[in-house]
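Asker: Here you go, one structure.
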Amino acid sequence: MIRLRRPIKQGYVTDLPLFGLAWLCIVIAVVTSGCRKESKVDVATRDKILLLGNGSEPKALDPHIVSSVGDSNILRALFEGLVTNHPESAVIHEPGVAERWESNEDFTEWRFHLRKNARWSNGDPVTAHDFVYAYNRILAPEMAAPYSSMLYFLKNAEAFNRSEIEDFAEVGVKAENDHLLVCTLESPTPFFPDVVKHTTWLPVHRPTIEKFGSMTEAFTDWQKPGNHVSNGAFELEDWRINAVVKVRRNPYYWDAKTVKLNGINFYPIDNVFTEEKAFRNGLLHYTYVLPNNLTPIYRERNDPALHMQPFNGVYFYRCNTEQAPTDNADFRRALAYAINQKTIVEYITKGDQLPAYGFTPPTKGGYDPPHIIKHDPEKAREFLRKAGYESGTDVPEFTVIFNTLDAHKSIAVAIQDMWKRTLGIEKVRIENQEWKVYQQTVLDQRYDIARAAWIGDYIDPTTFLGMWRTGDSNNNTGWSNAEYDRKYAESFFIPDPEERFKVLREAETILLTEAPVLPIYWYTRVYLLHPDVQNWNSLLLDNIPYKYIDLKGAN
Amino acid sequence: MEAARYIISRLAQSLFALLCIITITFFLARLAPGGPFLEERAVPPHLMELMNAKYGFDRPLPVQYALYLGSLLKGDLGPSFGNKGFSVNEIIAEGFPISFFLGISGLVIALVIGVPIGIFAATKRNTGVDYSLMTIAMLGICLPTFVIAPLLGELLALKLGWFDVALWEGSTAWFLGALTLGLYYSAYIARLTRGSMLDVLNQDFIRTARAKGVAPVKVLFKHAFRGGISPVVAYLGPALAGLIGGSFVVETVFGLPGLGQHFIKAATNRDYWLINGTVTVFAVLILFTNFLVDVAQAWLDPRTRSRD
């Protein structure tokens with residue numbers, strides 16, 4: 002048989018179809034493998050594994066060296082403190098390791114009765130000694146725990162932490178027996194059960210810590226999967242940096258029968274847009290945040306996944322009260338009243354944030370701050386005149402700094418414009434700084450006005466008002482008011498909550514009238530939540546107790 | 038003998054460059070305002086002092102530098118402050134293989150796409166097909182990965198559902214990452230292949246082969262391909278280094294836990310040892326691939342050696 006040779010054309014490639022075929026094979030292979038009937042979330046719901054976006058990679062899984070909200074989300078699954086969070090209300094205390102507790106009359110001594118069936122994830126009993134050990138560890142100066150000041154409520158804790166006393170026995174915490182922990186406090190603290198819910202008050206397992214190093218060694222392998230021992234509803238299963246932290250049900254947990262989930266996977270996804278896409282793709286039950294420019298899209302189509310809830314935080318501007326022009330209280334007041342908070346909330350942040358009429362966010366069934374700050378152009382102009390400026394053009398140039406982020410920039414630009422329109426102030430510069438540079442600038446008080454935010458550690462106004470005391474390490478405005486300091490200190494000695502709030506409200510009135518800070522809005526948490534997730538309630542501190550969470554598929 | 042001397046001198050150059058990079062990084066990181074222990078909530082000054090003392094930051098900078106070099110020689114890159122509980126060695130051990138895998142996959146994709154397109158365009162020289170392919174390649178070079186990556190995610194993962202859009206474990210998002218990197222480099226490779234293939238195709242021996250009646254495919258692959266592809270091979274080394282080091286964007290967009298993310302986060306966290314560690318790894322990678330390429334080229338072409 003004779004094969005006819007095909008005519009040869011210059012540059013003609015006979016094997017071209019082969020290339021095409023190869024590519025077709027790849028495409029088909031990909032398409033067929035890619036066709037899934039169930040999404041990852043569907044499978045996880047069936048297996049009762051909760052898939053959570055969790056912002057940044059956790060810094061650590063050791064309650065004594067971390068403090069961020071993302072880290073404490075994981076710690077809350079792994080550990081249980083004396084008192085813990087109620088699934089429905091931020092103001093109700095839920096018993097944790099302590100079954101019950103009582104205080105003496107002036108709230109300076111608290112006795113926690115520990116339940117006898119509390120267990121570590123290796124089966125060891127949880128005792129009062131574990132708590133004493135943990136508090137010794139976090140307060141030990143050699144540990145240099147960055148958040149140890151949370152424990153300064155305990156008598157002599159600060160002195161011990163500052164190496165002023167050597168013997169931990171002098172610090173106000175004792176294990177009377179295995180099941181009775183007695184805390185003696187520096188000053189009366191009626192809200193102490195709220196304080197001990199914070200992650201810094203969690204216990205650690207002594208044999209585990211000491212198996213991998215000394216008590217005060219921060220960087221040891223005890224927090225690694227396989228080594229980590231905890232006392233919460235879940236225990237650590239796996240931890241891959243920047244990929245996932247997996248926790249699974251702790252069989253020894255005293256209330257294991259209440260726990261519905263078999264496990265939780267925490268995914269650190271820094272990029273908020275990636276996280277939202279992962280949710281749309283069925284990879285997550287929950288996003289840690291939803292970027293503010295996507296909120297309107299979800300809101301418009303009434304997406305049931307969209308959740309917006311009040312959050313215990315405030316967005317505000319700090320004023321440097323030690324240099325002109327912000328050293329003048331009337332001038333600061335003028336700036337405060339000229340800010341149209343509602344515009345910012347509606348057109349920039351878009352997540353149902355509340356215009357802040359005070360500094361401390363209001364708590365349902367708790368503290369409500371005085372209603373002082375509001376948008377009032379007339380008053381603003383009046384205060385500007387009082388401050389000695391005929392018109393806004395006389396105001397010397399000053400700068401607003403913020404850490405680099407689009408939302409901060411939009412707000413700064415809007416406020417710059419409001420000051421210009423309402424007060425006629427022309428010379429406001431806005432300047433962004435890289436995160437750590439900004440922190441250093443604020444710490445050194447080398448600014449005129451600086452963007453700031455504060456998230457409360459517990460439900461009580463003192464977590465917001467304490468920082469404005471003279472010389473507090475978080476004050477950074479140079480503001481000092483003896484009357485404010487006096488009222489704040491006085492509040493600790495008032496047993497009746499209503500009376501106490503009244504005095505704190507008086508203190509906050511001073512703060513808002515002197516306006517070293519310009520409150521802008523109170524935070525909300527805006528996130529996406531899959532409808533399969535049950536019992537996920539809106540809490541002001543957003544510290545959901547995972548043991549009540551359940552997963553139920555739609556069909 | 039001459040070859041050995043060349044290799045040794047080239048190696049010495051690389052080591053010197055590495056020392057310079059490590060030194061400059063060490064001091065530059067320290068010059069930046071803020072520090073690893075500075076947090077949004079102020080840490081009381083006495084604790085700040087304690088922490089600085091604990092990690093030796095209270096000593097004079099030259100002493101710290103000497104100590105760092107000492108531990109570096111022992112292979113200890115120090116602790117990480119952003120990921121407490123992990124040493125920089127552990128972080129690199131976890132992140133580098135992922136970046137490496139992404140880079141290699143990207144390179145394979147770049148070759149699989151780039152080389153055939155380049156050859157094809159060369160055979161269709163100066164036709165509409167050639168122009169349009171090269172225009173697309175030019176576009177590919179111009180479009181940054183932070184544009185391509187989200188587009189691929191929207192299209193291939195969310196619209197068509199072929200891949201997962203993010204995450205690493207049990208997820209197919211890595212392929213999108215590799216594809217993004219691969220597409221970018223395939224454009225370079227296509228243009229490079231086309232150029233060198235054209236060079237070869239215009240040479241006399243090809244004309245001779247054609248005149249003898251050798252089939253065009255055979256001319257292309259047996260006679261022209263080897264010569265035409267060699268510049269691409271030389272480009273592979275730097276390309277691989279670039280792929281591995283440049284994967285920060287795709288790692289962020291697709292939530293992949295490679296080393297690129299640490300590279301950026303370490304700088305924003307002032308995580309001194311992690312900054313130094315990641316820079317050292319990337320520097321070694323780039324120097325090593327360049328060293329290999331130089332040696333290979335010298336071996337292939339003695340002129341490079343004598344010029345040195």
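Line order of the protein sequences matches chains A and B. Once you know that position 452 of the first sequence is 453 in the working numbering, the rest is easy, because the numbers rise by one and skip nothing. Once you know that position 200 of the second sequence is 237 in the working numbering, the rest is easy, because the numbers rise by one and skip nothing. All C-beta atoms, glycine included, are put in the ideal place defined by N, C-alpha and C. This one's a predicted model, so the numbers in the text were calculated from it and none came from an experiment.
Would you call the CB atoms of Ser-117/B and Leu-311/B closer than 8 angstroms?
Answerer: The answer is yes: Cβ separation under 8 angstroms.
Asker: Within 10 angstroms of the Cβ of Tyr-348/A, are there 16 or more other Cβ atoms? Answer buried if so, exposed if not.
Answerer: Exposed.
Asker: Could you say which of Arg-263/B, Val-332/B, Phe-300/B, Leu-322/B lies nearest to Ala-66/B if we only look at CA atoms?
Answerer: Here the closest residue by C-alpha is Phe-300/B.
Asker: Less than 8 angstroms between the beta carbons of Ile-495/A and Val-70/A, yes or no?
Answerer: Going by C-beta atoms, Ile-495/A is not nearer than 8 angstroms to Val-70/A.
Asker: Is DSSP giving Lys-247/A helix, strand or coil here?
Answerer: Strand.
Asker: Mind pulling the beta strand (DSSP E) runs of 3 or more residues that sit fully within the stretch 39-92 of chain A?
Answerer: You should have 50-54, 84-86.
Asker: Starting from Asp-353/A, trace the beta strand (DSSP E) both ways and give me its first and last residue.
Answerer: No beta strand (DSSP E) contains Asp-353/A, which DSSP labels as neither H nor E.
Asker: Just verifying my parser: in three-state terms, what is the DSSP assignment at Gln-101/B?
Answerer: Here Gln-101/B sits in helix by DSSP.
Asker: Is there a Cβ of chain A sitting closer than 8 angstroms to that of Phe-242/B, yes or no?
Answerer: It does not; no Cβ of chain A falls within 8 angstroms.
Asker: Could you name each continuous alpha helix (DSSP H) segment of 4 residues or more that falls completely within the stretch 335-417 of chain A, going from the start of the chain to the end?
Answerer: Runs of the alpha helix (DSSP H) inside the stretch 335-417 of chain A: 342-345, 378-387.
Asker: Could you pull out every residue in the same chain whose Cβ sits closer than 7 angstroms to the Cβ of Ile-426/A, ignoring the five residues on either side in sequence?
Answerer: Once the five neighbours on either side are set aside, the close Cβ partners of Ile-426/A are Gly-393, Val-396, Trp-420.
Asker: Pick helix, strand or coil for Ala-176/A, following the three-state DSSP scheme.
Answerer: Strand, per DSSP.
Asker: Which of helix, strand or coil does DSSP assign to Gly-264/A?
Answerer: Gly-264/A falls in the strand class under three-state DSSP.
Asker: Here's a check: name, in chain order, each residue in its chain whose Cβ is nearer than 8 angstroms to the Cβ of Ala-555/A, leaving out the five neighbours to either side.
Answerer: Closer than 8 angstroms at Cβ, skipping near neighbours: Pro-532, Asp-533.
Asker: Helix, strand or coil: how does DSSP classify Ser-104/A here?
Answerer: If DSSP states are grouped into helix, strand and coil, Ser-104/A belongs with the strands.
Asker: Below 8 angstroms between beta carbons is the criterion; list the residues of the stretch 256-273 of chain A that meet it against any residue of chain B, in chain order.
Answerer: Those residues of the stretch 256-273 of chain A that come within reach of chain B (Cβ to Cβ, closer than 8 angstroms) are Tyr-268, Ile-270, Asp-271, Asn-272.
Asker: Could you have a look at Thr-185/A and say whether DSSP puts it in helix, strand or coil?
Answerer: Reduced to three states, the DSSP call for Thr-185/A is strand.
Asker: Quick one: residues in its chain with C-beta nearer than 7 angstroms to the C-beta of Arg-101/A, no 5 flanking neighbours on either side, listed in chain order?
Answerer: Only His-114 meet the Cβ criterion.
Asker: Just checking, does the stretch 142-149 of chain B make contact with the stretch 218-229 of chain B on the three C-beta pairs under 8 angstroms criterion?
Answerer: Touching, yes.
Asker: For a test of the three-state rule: what should DSSP assign to Gln-440/A, helix, strand or coil?
Answerer: In this structure, Gln-440/A counts as helix in the three-state DSSP scheme.
Asker: Leaving out the 5 sequence neighbours to the left and right, which residues in its chain are closer than 7 angstroms to Thr-296/A when beta-carbon positions are compared?
Answerer: Cβ neighbours of Thr-296/A beyond the five flanking positions: Lys-351, Gly-352, Val-527.
Asker: Beta-carbon of Leu-284/A versus every beta-carbon of chain B: anything under 8 angstroms?
Answerer: For Leu-284/A, the answer is yes, since a Cβ of chain B falls inside 8 angstroms of its Cβ.
Asker: On the three-state DSSP scale, how would you describe Ala-135/A?
Answerer: If DSSP states are grouped into helix, strand and coil, Ala-135/A belongs with the helices.
Asker: Return helix, strand or coil for Asn-303/A, following the three-state DSSP convention.
Answerer: Three-state result, Asn-303/A: coil.
Asker: I'd like to know if Val-152/B contacts chain A, where contact means its C-beta is closer than 8 angstroms to some C-beta of that chain.
Answerer: No, its Cβ sits nowhere closer than 8 angstroms to a Cβ of chain A.
Asker: What do you reckon, are the CB atoms on Leu-324/B and Leu-144/B nearer than 8 angstroms?
Answerer: The answer is no: Cβ separation not under 8 angstroms.
Asker: In chain order, what residues of the same chain lie with their CB nearer than 7 angstroms to the CB of Asp-304/A, ignoring the 5 residues before and after it?
Answerer: Excluding positions up to five away in sequence, the list is empty.
Asker: Taking 8 angstroms as the CB-CB limit, is Arg-241/A close to chain B?
Answerer: Taking Cβ atoms only, chain B reaches closer than 8 angstroms to Arg-241/A, which makes this a yes.
Asker: According to DSSP, Ser-124/B sits in a beta bridge with which residue or residues?
Answerer: Ser-124/B pairs with Pro-116/B.
Asker: How big is the Cα-Cα spacing for His-185/A and Val-133/A?
Answerer: For the sequence presented, residue 185/A should be read as Thr rather than His. For Thr-185/A and Val-133/A, the distance between alpha carbons rounds to 12 angstroms.
Asker: Under three-state DSSP, which class holds Ile-9/A?
Answerer: Confidence at Ile-9/A is low in this model, with a pLDDT of 40, below 50, so its placement is unreliable and the value that follows should be read with caution. Three-state result, Ile-9/A: coil.
Asker: Just confirm the distance between the C-beta atoms of Asp-179/A and Ala-129/A, as a whole number of angstroms; I'd bet it's less than 8 angstroms.
Answerer: At roughly 6 angstroms, the Cβ-Cβ gap stays under 8 angstroms, so Asp-179/A and Ala-129/A are in contact.
Asker: Return the bridge partner residues of Pro-191/A from the DSSP annotation.
Answerer: Bridge partners of Pro-191/A: none, in fact.
Asker: Give a yes or no on contact between the stretch 211-225 of chain B and the stretch 278-286 of chain B, applying the rule of three or more CB pairs nearer than 8 angstroms.
Answerer: Touching, per the Cβ criterion.
Asker: Helix, strand or coil, according to DSSP, for Gly-467/A in the structure here?
Answerer: The answer is helix: DSSP assigns Gly-467/A an H, G or I state.
Asker: Within this structure, are the beta carbons of Leu-293/B and Leu-139/B separated by less than 8 angstroms?
Answerer: Yes. Within cutoff.
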